[in-house]
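Heads up, the thing below is written out as structure tokens.
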Amino acid sequence: MAHEHWTVDRLHVALPHSASRQQLLQDVNLTPIENLPAVLDGWSAAAEQLESARPRIEAARAHMKTRGVLPDDPETRDVTADVLRDAEPREGNRDDRSRGAA
4 MAHEHWTVDR
14 LHVALPHSAS
24 RQQLLQDVNL
34 TPIENLPAVL
44 DGWSAAAEQL
54 ESARPRIEAA
64 RAHMKTRGVL
74 PDDPETRDVT
84 ADVLRDAEPR
94 EGNRDDRSRG
104 AA
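Numbers given in my numbering equal positions in the sequence shown, counted from 1, plus 3.
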């Protein structure tokens with residue numbers, strides 16, 4: 004999926020865990036507007052990585068369902084946490100957003 008086709012809603016749907024979806028919404032709502040493009044670029048890159056891994060994930064699930072174990076393949080390592088970590092804003096922006104608006 005091309006980068007320019009992502010919307011906040013589509014990113015939200017593409018993320019696999021409720022915690023990551025909540026973090027996306029928090030980032031969008033609390034990031035200063037001038038920093039928002041960079042934050043959204045990070046989330047869209049994460050969603051694209053997760054989408055590209057979907058065939059391997061589905062194959063691993065099918066293998067697990069039929070055989071009771073994950074395939075003996077280094078490509079089946081769960082990298083979701085790595086992808087989501089890489090999506091986090093850089094340059095200390097997270098600290099700025101944690102203050103919120105009062």
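Note that beta-carbon positions come from the ideal geometry of N, C-alpha and C, so glycine has one too.
Two segments are said to touch when three or more pairs of C-beta atoms, one from each, lie closer than 8 angstroms; by this definition the stretch 24 to 41 does not touch the stretch 59 to 72. Counting along the chain, no alpha helix (DSSP H) covers aspartate 75, and no H or E run does either. DSSP places tryptophan 9 in the coil class of the three-state scheme, outside both helix and strand. Leucine 33: member of the alpha helix (DSSP H) spanning 21 to 33, first to last residue. Per DSSP, reduced to three states, the secondary structure at leucine 18 is coil, with no helix or strand assignment. In this structure tryptophan 46 is not in contact with alanine 84, their Cβ atoms being roughly 15 angstroms apart against a cut-off of 8 angstroms.
Residues of the same chain with a CB within less than 6 angstroms of the CB of aspartate 30, apart from the 5 flanking positions on each side, are Val42 in chain order.
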